[in-house]
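Shown next, in structure tokens, is the structure this report addresses.
In the working numbering, the protein residues as written are 7 to 502.
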């Protein structure tokens, strides 16, 4: 196979994450048919595709998808979204939901069974998301254009592009309130002629729009991210000059009024203006101004309330998070639905200490706290720790402690020793030195590892088993219907 050449083949399997093995039969110089395996992203198992070779290697070639010649026999659903196949969000809309679950389950188990004896642990299946549409509680949209020089667009990136933006109004994995807000904001800035920020030339103003919507309360927080030049540009528009003079804000109070008057199912509780003059295409704040309302929303999970700010880490699927956290709690307590175990039978855990490492805003810690003696959370992001402390106070939990710092350093400073450890690390997994210290706690009966990336989970499982732990149970939770990702929870117990 040659770089730059176009070939046709059939996808035999898709490994996590989005690595399809495409088989192409070609005759060699002796007329003998040889089977070639090429890795191509964005392909479903069973599809016949055309692809172009990006990297030609003797053992493994990499290709780029050009077109789908024939659909997979598994594709029996019509896409629900007009942007499907264009934006880089969903990949599996044409697959029935049960087929999506089976695909994700098999991807995870194939990875885990390479490092764990498949007959030595119990697999508790893959748990469905309670909602498979309109489930996301947070979205980050980008300003741009659908093609170079085109009209203003606001939405998600086109598949395979870092520049082109797809207008994402009507996206089916978000609530319709998002679409109404998207249309309002895009039309407003298109009307007054404010340009999007260009990542190449570093000119322009509009960067991102962040929206958070609480499922339980319907509260909505909208944050507009721009460069600091927005204020100057708005003052050039005659009707906004007087408004800017009468308030402490820029002319954004006109947009604020438009947002407040929208007919939404939920309620707008806050509108923020975030200023970001950095060159990188990341959402960050040099300064945050409250244009209207407050800078947080309230969400309820498993009987607890959480205040969520615009940058707080919080699982993007609220109802799915309840499934995830309940499963994690049950693994800590050794509960088994098949035995009809109940939380009220767990009084013997009242003297136990739990470490929640990589704790984020402390959601899991607070769900565990009512049934144990103490929970100590460690998180490197200081803002997340502040939010965790506020939420614990909000929920009346006095047995939660949250420490800001690197797990690698902080666990040396904690005098108490844990009975159980919960790990919920970022996608890259756990630093090997930190993992060694975590596994050195000889008193720990159980470790619960929650992972959004099964590849880093598998790498860490190899190490944890070498420190004397056995994989007891594994469960997958589908937090991202129609998308590539899946959460995995692993219960490990000490055997030596």
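Note that CB positions come from ideal geometry on N, CA and C, so glycine has one too.
Exposed unless 16 or more other CB atoms sit within 10 angstroms - verdict on residue i
i           : result
residue 153 : exposed
residue 354 : exposed
residue 292 : exposed
residue 213 : buried
residue 425 : buried
residue 11  : exposed
residue 219 : buried
residue 427 : buried
residue 84  : exposed
residue 168 : exposed
residue 208 : exposed
residue 288 : exposed
residue 357 : exposed
residue 81  : buried
residue 196 : exposed
residue 179 : buried
residue 419 : exposed
Span separating the alpha-carbon of residue i from that of residue j
i           : j           : result
residue 187 : residue 23  : 32 Å
residue 336 : residue 105 : 27 Å
residue 134 : residue 481 : 11 Å
residue 414 : residue 442 : 9 Å
residue 238 : residue 258 : 12 Å
residue 385 : residue 499 : 24 Å
residue 511 : residue 246 : Summary: the structure shown does not reach residue 511, with the chain confined to residues 7 through 502, and so no result is reported for it.
residue 501 : residue 97  : 41 Å
residue 407 : residue 380 : 8 Å
residue 513 : residue 122 : Nothing in the structure corresponds to residue 513, since the chain is present only between 7 and 502.
residue 320 : residue 217 : 13 Å
residue 205 : residue 147 : 15 Å
residue 62  : residue 31  : 16 Å
residue 130 : residue 440 : 28 Å
residue 199 : residue 402 : 49 Å
residue 271 : residue 224 : 7 Å
residue 294 : residue 230 : 10 Å
residue 333 : residue 240 : 50 Å
residue 156 : residue 475 : 57 Å
residue 26  : residue 263 : 48 Å
residue 35  : residue 162 : 46 Å
Chain-order list of residues whose beta-carbon lies under 6 Å from that of residue i (same chain, five-residue window excluded)
i           : result
residue 110 : 492
residue 490 : 23, 24 and 97
residue 329 : 133 and 483
residue 430 : 364 and 456
Contacts around residue i, its chain only, beta-carbon distance under 7 Å, and the 5 residues preceding and following it disregarded
i           : result
residue 497 : 337, 452, 454, 478 and 479
residue 265 : 187, 190, 228, 274 and 277
residue 290 : 282 and 284
Below-8 Å beta-carbon distance, residue i vs any chain C residue
i           : result
residue 456 : Structure shown: chain C not included; a single protein chain is present.
Delimiting residues of the beta strand (DSSP E) encompassing residue i
i           : result
residue 17  : 12 to 21
residue 294 : 293 to 299
residue 466 : Here residue 466 belongs to no beta strand (DSSP E); instead the alpha helix (DSSP H) covers 460 to 472.
Residue i: first and last residue of the uninterrupted alpha helix (DSSP H) it sits in
i           : result
residue 284 : That residue, residue 284, is in no alpha helix (DSSP H); it is neither H nor E in DSSP.
residue 326 : 324 to 339
residue 410 : Where residue 410 is concerned, there is no enclosing alpha helix (DSSP H), although the beta strand (DSSP E) it sits in stretches over 406 to 410.
residue 2   : Here the chain comprises residues numbered 7 to 502, so residue 2 is not present and cannot be evaluated.
residue 436 : Looking at the DSSP string, residue 436 is not in any alpha helix (DSSP H), and its letter there is neither H nor E.
residue 240 : 236 to 240
residue 414 : 413 to 416
residue 260 : 258 to 266
Residues near residue i in its chain [Cβ-Cβ closer than 8 Å; skip 5 each side]
i          : result
residue 28 : 15, 16, 17, 18, 43, 44, 45, 46, 49, 55, 57 and 69
Three or more beta-carbon pairs under 8 Å between the stretch 140 to 151 and the stretch 94 to 101, yes or no? no
Okay, do the stretch 365 to 376 and the stretch 306 to 321 touch, 3+ Cβ pairs below 8 Å being the bar? At 8 Å Cβ cutoff, the stretches touch.
Pairs of beta-carbons, one from the stretch 13 to 31 and one from the stretch 48 to 60, closer than 8 Å: are there three or more? Taking a cut-off of 8 Å on C-beta distances, the stretch 13 to 31 touches the stretch 48 to 60, as three or more cross pairs fall below it.
Measuring CB atoms only, is the stretch 87 to 94 touching the stretch 21 to 40, in the sense that at least three cross pairs come out at less than 8 Å? no
Flag this pair as touching only if the stretch 388 to 407 and the stretch 314 to 330 have three or more C-beta atom pairs under 8 Å; answer yes or no. yes
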